[in-house]
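Chemist: Numbering (my numbering), first residue to last: 13 to 124.
For glycine and all other residues, C-beta sits at the position ideal for the given N, C-alpha and C.
Since this is a predicted model, take the numbers as computed values, not measurements.
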């Protein structure tokens with residue numbers, strides 16, 4: 013458009029596809045904050061949201077009768093895993109940062 017560089021958040025649904033075009037060559041949407049948890053027993057979606065840790069654990073899981081192509085990328089897969097670990101940690105730290113009032117961390121000082 014105007015030839016300027018722009019950044020996107022690691023929470024953006026297209027972050028993985030833009031960062032790893034060889035893995036996500038179709039431009040698939042990946043993890044985002046609004047993925048609802050699916051209950052396989054009832055077939056319904058819960059109100060709980062899927063965490064990035066659970067999403068990426070499911071994404072890289074080895075399945076018995078299903079080929080997981082992402083595991084075949086070798087060094088690129090290793091880089092992907094490290095980046096997604098950083099993404100999981102940033103989500104955890106973001107939660108701690110924005111939920112200080114709920115966590116009451118100032119009361120932990122008395123536990124020394």
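Whole angstroms are fine: how far does the CA of residue 113 sit from the CA of residue 81?
Modeler: For residue 81 and residue 113, the distance between alpha carbons rounds to 43 Å.
Chemist: Just checking, does the segment 25-41 make contact with the segment 81-97 on the three C-beta pairs under 8 Å criterion?
Modeler: Touching, per the Cβ criterion.
Chemist: Thinking just about the alpha-carbon of each residue, which of 33, 24, 104, 90 is nearest to the one in residue 72?
Modeler: Answer by Cα proximity: 90.
Chemist: Using the Cβ count rule (16 or more neighbours within 10 Å means buried), how would you classify residue 57?
Modeler: Classification of residue 57: exposed, given that the 10 Å Cβ count is below 16.
Chemist: Is the CB-CB distance between residue 83 and residue 35 below 8 Å?
Modeler: Not in contact: residue 83 and residue 35 (Cβ atoms no closer than 8 Å).
Chemist: What are the partner residues of residue 78, as DSSP defines its beta bridges?
Modeler: Note: residue 78 sits in a beta bridge opposite 75.
Chemist: So what does residue 57 bridge to, in DSSP terms?
Modeler: In DSSP, residue 57 forms a bridge with 50.
Chemist: So, for residue 49: in the same chain, excluding its five sequence neighbours on each side, which residues have a beta-carbon less than 6 Å away from its beta-carbon?
Modeler: The answer, listed in chain order, is 58, 60, 62.
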